[in-house]
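Asker: Each residue of the sequence shown is one higher than the one before, counting from 399 in the working numbering.
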Amino acid sequence: MLFIIYSINYVFTHSNILSSCMLFKDVVGQEEIKQHLIDIALAGNVPHAQLFLSYPGAGALPMALAFTQMLVCEQPTNTDSCGTCSACIKAQKLIHPDIHFSYPVINKNASHKTPQISIDYINEWRKEVLENPYLDEQEWLQKIGAENKQGNISAFEARSIIKGLNLTAFESKYKIHIIWMAEALAKEGNILLKLIEEPPENTVLILIAENQEEILPTIISRCQLVKINKLNDEAIAEGLIKKGVPQSNTQHLAYLADGNFNNAIKLIDSETGADTRRLTQWLDFSINLKAGELYKWVDENSKAGRENLKVFLEYSTHIFRESLLLLHIQNYTARLAKDELNLAMRINKFLTYQKLETLLELINKKHYEIERNVSPKLVLMDLSLKIHHIIRGK
Ligand SMILES: [Zn+2]
Numbered sequence: 399m400l401f402i403i404y405s406i407n408y409v410f411t412h413s414n415i416l417s418s419c420m421l422f423k424d425v426v427g428q429e430e431i432k433q434h435l436i437d438i439a440l441a442g443n444v445p446h447a448q449l450f451l452s453y454p455g456a457g458a459l460p461m462a463l464a465f466t467q468m469l470v471c472e473q474p475t476n477t478d479s480c481g482t483c484s485a486c487i488k489a490q491k492l493i494h495p496d497i498h499f500s501y502p503v504i505n506k507n508a509s510h511k512t513p514q515i516s517i518d519y520i521n522e523w524r525k526e527v528l529e530n531p532y533l534d535e536q537e538w539l540q541k542i543g544a545e546n547k548q549g550n551i552s553a554f555e556a557r558s559i560i561k562g563l564n565l566t567a568f569e570s571k572y573k574i575h576i577i578w579m580a581e582a583l584a585k586e587g588n589i590l591l592k593l594i595e596e597p598p599e600n601t602v603l604i605l606i607a608e609n610q611e612e613i614l615p616t617i618i619s620r621c622q623l624v625k626i627n628k629l630n631d632e633a634i635a636e637g638l639i640k641k642g643v644p645q646s647n648t649q650h651l652a653y654l655a656d657g658n659f660n661n662a663i664k665l666i667d668s669e670t671g672a673d674t675r676r677l678t679q680w681l682d683f684s685i686n687l688k689a690g691e692l693y694k695w696v697d698e699n700s701k702a703g704r705e706n707l708k709v710f711l712e713y714s715t716h717i718f719r720e721s722l723l724l725l726h727i728q729n730y731t732a733r734l735a736k737d738e739l740n741l742a743m744r745i746n747k748f749l750t751y752q753k754l755e756t757l758l759e760l761i762n763k764k765h766y767e768i769e770r771n772v773s774p775k776l777v778l779m780d781l782s783l784k785i786h787h788i789i790r791g792k
């Protein structure tokens, strides 16, 4: 019963957020950065190029959405956009004609003369961002069916950004372009240098990235840097309450989320723990060498796609690492949900410190092999057998 009330509550607030997305007040925490951006918007003193360098899930995209909405809003207040003028309504639906987006995409049709660019995926983009503006790149790529492919922002896309920003604004003072996960530009970032150095009047370019090393230094040095650090637990707890999560649960979830609001959202959805079940089964089949079941498990999971598999191995590493800490640090509070904690305690019953270390190294190595395109089936089968040997061996 509790679960039903909880779900309805959640869906209800979620749709509320949809219709009011994205005001500054809807962005979780980060009060100082909000104030900085509000000041800039109100003063009309907007830098031509900014780099929002963000901790994962700390809210760079929602922040950029709130900021650009305020720039186009017809009657902003001293603290936010109005949320009701026609410009705000369009910005909220991600259909404002002066706010454009680039994001990593894949080329589904290799036979096409020109590679597919962001606009080819605009419907998917609107749907996913409106549903969860905290989503990460991997989730986005899975939503557009990337499976094993890496996302890319192509040279063609970079040139179309320049073309777009050189047009006259349609309805607002500014022409705005947000490049989400600008790491995907790689060296094509060079194409944008001239635009950043000599921007047409009233253009606003916002690059969002999480890995500074993957952005060309020439770009970084020409952008005004806005650093978005990990969220504190209180901000995450507050954000969860706004999503309808009972207050009694929020502190624990915020702790597990580790500064990443997207993690927190996933935790609400996955109290059922699909990955935990997957890992529990795998360990059971491997350790007890249940050949038929193990073969079936490997077969099913090797079809999940390279990126999915990498995420699962990272998840397994997290569980093993927390087990290790639980084993060795007295009164350690593990970053684990209830089911995960049970699993970690079971793991600890048959593992020593050395065995755990060996396991972590092995998983790391297999993660690398998957990255290097070794067959997932081969990697998983080999890993399963080695897990058996490590755990059962003396
Ligand atoms: Zn407005």
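Don't be surprised by glycine CBs; every beta carbon is placed ideally from N, CA and C.
According to DSSP, simplified to helix, strand and coil, what is HIS446?
Answerer: Correct three-state label for HIS446: coil.
Asker: Verify the contact flag: GLY481, CB atom, against every heavy atom of ligand 1, threshold strictly below 8 Å.
Answerer: Yes, since a heavy atom of ligand 1 falls inside the 8 Å radius drawn around the Cβ of GLY481.
Asker: State the DSSP-derived secondary structure class of LEU565, mapped to helix, strand or coil.
Answerer: It is coil, neither helix nor strand.
Asker: Rounded to a whole number of angstroms, what is the C-alpha to C-alpha distance between ASN588 and LEU449?
Answerer: C-alpha separation (whole angstroms): 15 Å.
Asker: Pop quiz: PRO502 and ALA582 are said to be a contact at Cβ under 8 Å. What is the actual Cβ separation, rounded to whole angstroms?
Answerer: Yes, PRO502 and ALA582 are in contact; Cβ-Cβ is about 4 Å, under 8 Å.
Asker: If you draw a straight line from the alpha carbon of THR670 to that of GLY703, how long is it in whole angstroms?
Answerer: A caution first: THR670 carries a pLDDT of 49, below 50, which makes its placement in the model too unreliable to give a value.
Asker: For THR623, count neighbouring C-beta atoms within 10 Å of its own C-beta (all shown protein chains included) and say buried if the count is 16 or more, exposed if not.
Answerer: This sequence places Leu at residue 623; Thr is not what is there. Exposed, since its Cβ has fewer than 16 Cβ neighbours within 10 Å.
Asker: With respect to 8 Å, is the separation between the Cβ of GLU569 and the closest non-hydrogen atom of ligand 1 below this value?
Answerer: No, the Cβ of GLU569 stays beyond 8 Å of every heavy atom of ligand 1.
Asker: Any heavy atom of ligand 1 closer than 8 Å to the CB of CYS486?
Answerer: Yes, Cβ of CYS486 sits closer than 8 Å to a heavy atom of ligand 1.
Asker: Just mark PRO774 as buried or exposed, buried being the case when its beta carbon has 16 or more other beta carbons within 10 Å.
Answerer: It is buried - the Cβ of PRO774 has at least 16 other Cβ atoms within 10 Å.
Asker: Any idea what DSSP makes of ILE542, helix, strand or coil?
Answerer: If DSSP states are grouped into helix, strand and coil, ILE542 belongs with coil.
Asker: Which ranges does the alpha helix (DSSP H) cover as unbroken runs of at least 4 residues, wholly within the stretch 558 to 640, from first to last along the chain?
Answerer: Entirely contained in the stretch 558 to 640, the alpha helix (DSSP H) runs reaching 4 residues are, in chain order, 591 to 595, 615 to 618, 631 to 640.
Asker: In chain order, which alpha helix (DSSP H) runs of at least 4 residues are fully inside the stretch 650 to 711?
Answerer: Here the runs fully enclosed are 659 to 667, 672 to 685, 689 to 700.
Asker: With a threshold of 8 Å (Cβ to nearest heavy atom), would PRO474 be considered close to ligand 1?
Answerer: Answer for PRO474: yes, Cβ within range of ligand 1.
Asker: Would you give the residue range spanned by the beta strand (DSSP E) that SER500 belongs to?
Answerer: Run containing SER500: 497 to 500, per the beta strand (DSSP E) assignment.
Asker: Near PHE577, which residues of its chain fall below 6 Å by C-beta distance, leaving aside the five closest residues on each side in sequence?
Answerer: Note that residue 577 is Ile in the sequence shown here, rather than Phe. Within the same chain, ILE577 has close Cβ partners SER500, LEU605.
Asker: Give a single yes or no on whether CYS621 has its beta carbon closer than 8 Å to a heavy atom of ligand 1.
Answerer: The answer is no for CYS621.
Asker: What's the gap between the Cα of LEU778 and the Cα of PHE683?
Answerer: Those two C-alpha atoms are separated by around 12 Å.
Asker: Could you tell me how far apart the beta carbons of LYS628 and ASN658 are, in whole angstroms, since I believe they sit closer than 8 Å?
Answerer: Contact flag correct, Cβ pair sits at about 7 Å.
Asker: Might you give, ordered along the chain, the residues of its own chain that have their beta carbon closer than 8 Å to the beta carbon of CYS480, omitting 5 neighbours on each side?
Answerer: Cβ within range, chain order: CYS471, GLU472, GLN473, PRO474, CYS486.
Asker: Of all the CB atoms in chain C, is at least one closer than 9 Å to the CB of ILE493?
Answerer: Absent from the structure: chain C. Only one protein chain is present.
Asker: Excluding five sequence neighbours on each side, which residues of the same chain lie with their C-beta closer than 6 Å to the C-beta of GLY455?
Answerer: Taken in chain order, the residues that qualify are TYR532, ASN658, PHE659, ASN660, ASN661.
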